[in-house]
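Numbering (the UniProt record's numbering), first residue to last: 1 to 392.
Ideal placement from N, C-alpha and C gives every residue a C-beta, glycine not left out.
Heads up: the structure comes next, in structure tokens.
Next up, the structure:
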């Protein structure tokens with residue numbers, strides 16, 4: 001093919017986002033994209049705050065956070081008293097790791113699919129005390145969820161003190177069987193910290209059913225809330241041990257009408273709280289875009305992601321690396337490229353206006369695509385032909 005034609009940009013629901021219409025944005029998974037309506041609501045909140053900063057932050061904010069937390073808790077099927085707002089899931093992982101006490105010889109279990117930032121946090125905490133980071137090597141490509149379960153449980157020992165596991169893996173876009181893993185680890189006496197960075201809005205999330213010791217997730221990705229909105233769940237009996245990264249006034253607050261957990265996490269210093277307060281609006285807005293609500297939205301994105309990877313596999317003659325049921329709204333494909341990953345990413349952007357992550361992962365180069373309402377099948381056909389033109 002001598003010429004790769006760019007498809008039309010009149011995508012379903014694309015007018016709800018500010019995304020540059022000249023760019024094929026196939027990377028919702030990295031940072032999300034916030035709809036215009038939610039950004040406008042955030043600006044209203046900011047104006048309200050700046051009209052009377054002291055009143056807003058010292059008198060109104062507590063009640064506003066409580067209401068936002070209740071609505072988020074309902075969406076996550078958990079108790080609002082067990083949730084704290086935090087800026088991102090990486091902060092959530094760090095919060096738990098820095099709050100717990102490890103000693104020399106203890107083992108912290110992770111997988112080879114762990115997000116690099118969180119793996120760095122584990123290494124930092126372990127290295128300070130001489131604990132050991134044990135890596136369960138989950139294969140990719142893989143045949144079933146059993147490959148995940150077997151790889152992880154085989155690495156548990158009497159020294160395992162905590163498991164940090166993804167709900168949705170970042171580089172490989174796999175949905176791990178997290179409920180089964182949390183249950184099996186608990187039977188073995190191991191608490192689990194679930195890194196659910198991608199999970200809210202990506203899967204039907206029921207934290208009460210999963211029943212982890214700790215769970216953290218982003219609201220700026222698939223919930224489409226503003227950047228800087230995430231949550232940390234801590235089971236009630238674990239809350240006395242968990243402290244925020246920034247110790248502030250809540251540490252010695254005289255108030256007794258709420259838990260120490262809430263007092264400490266609800267105020268960690270002056271910051272912009274509007275991303276947290278926008279979460280209920282984002283849940284509501286995204287949930288009303290399709291007649292079937294969030295269930296239809298997740299299914300539509302999943303169907304598009306499956307179709308997208310089939311298009312690319314057919315054009316590039318690639319095998320499917322995992323079952324459809326292990327995917328949500330993203331899919332990763334190992335690709336063969338003589339071009340370094342960073343140059344391939346640059347060429348896709350500079351020559352074809354395609355924004356998509358190319359991820360070096362162990363010995364593989366992974367192409368990770370995302371599917372959101374503003375995307376169309378034609379974009380992935382264009383991506384496939386563009387890759388074929390570059391890779392030959």
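DSSP links residue 284 through a beta bridge to no other residue. Short of 6 Å from the beta carbon of residue 197, and not among the five residues preceding or following it, lie these beta carbons of its own chain, in chain order: 89 and 218. Unbroken alpha helix (DSSP H) stretches of 4 residues or longer found wholly inside the region 53-129: 61-76, 89-99 and 116-129, given in chain order. Relative to the Cα of residue 104, the nearest Cα in the group 133, 319, 79 and 379 belongs to 133. With a cutoff of 8 Å on beta-carbon distance, residue 97 and residue 125 are scored as near each other. Per DSSP, reduced to three states, the secondary structure at residue 25 is strand. The alpha-carbon of residue 129 is positioned some 15 Å away from that of residue 160. Per DSSP, the beta bridge partners of residue 330 are 370. A distance of 8 Å or more separates the beta carbons of residue 224 and residue 86.
In this structure residue 199 is not in contact with residue 305, their Cβ atoms being roughly 15 Å apart against a cut-off of 8 Å. Within the same chain, and ignoring the five residues on either side of residue 384 in sequence, the residues whose Cβ sits closer than 7 Å to its Cβ are 311, 312, 315 and 316.
Residue burial is scored here from C-beta neighbours: residue 188 has fewer than 16 other C-beta atoms within 10 angstroms and is therefore classed as exposed.
Residue 250 and residue 206 have their C-alpha atoms some 29 Å from each other. Using a Cβ-Cβ distance cut-off of 8 Å, the region 219-239 and the region 22-35 are in contact, since at least three pairs of beta carbons, one from each stretch, lie closer than that value.
Residue 321 places its beta carbon less than 8 Å from that of residue 140. Rounded to whole angstroms, residue 43 and residue 340 show a C-alpha spacing of 41 Å. Taking C-beta atoms under 8 Å as the contact rule, residue 261 and residue 279 fail to qualify, at a distance of about 19 Å.
Linking residue 326 to residue 23 through their CA atoms gives a straight-line distance of about 29 Å. The continuous beta strand (DSSP E) containing residue 361 extends over residues 358-361. About 6 Å separates the CB atoms of residue 331 and residue 173; that is less than 8 Å, so the two are in contact. Annotation for residue 215: the continuous beta strand (DSSP E) segment containing it runs 214-218. Per DSSP, residue 245 is not a residue of any alpha helix (DSSP H), being assigned neither H nor E. In this structure, DSSP gives residue 135 an extended state, which the three-state scheme calls strand. Shown here, residue 238 sits in a helix according to DSSP, grouped into three states.
When rounded, the separation of the alpha-carbon atoms in residue 210 and residue 179 is 5 Å. For residue 315, there is no enclosing beta strand (DSSP E); the residue is part of the alpha helix (DSSP H) that begins and ends at 293-316. DSSP links residue 233 through a beta bridge to 83 and 215.
One alpha carbon belongs to residue 288, the other to residue 270, and they sit about 33 Å apart. In this structure, residue 185 keeps its C-beta atom at 8 Å or more from the C-beta atom of residue 92. Non-local beta-carbon contacts of residue 345 in its own chain, meaning distances under 6 Å to residues more than five positions away in sequence, involve 358 in chain order.
Its chain contains 274 as the residues whose beta carbon lies nearer than 6 Å to that of residue 46, once the 5 sequence neighbours on both sides are disregarded; these appear in chain order. Assignment of residue 175 by DSSP, reduced to helix, strand and coil, places it in the strand class. Using a Cβ distance threshold of 8 Å, residue 191 and residue 115 do not count as a contacting pair.
By the neighbour-count definition (other C-beta atoms within 10 Å, threshold 16), residue 78 is a buried residue.
If you draw a straight line from the Cα of residue 263 to the Cα of residue 55, it is about 18 Å long.
When only Cα atoms are considered, residue 16 and residue 28 end up about 14 Å apart.
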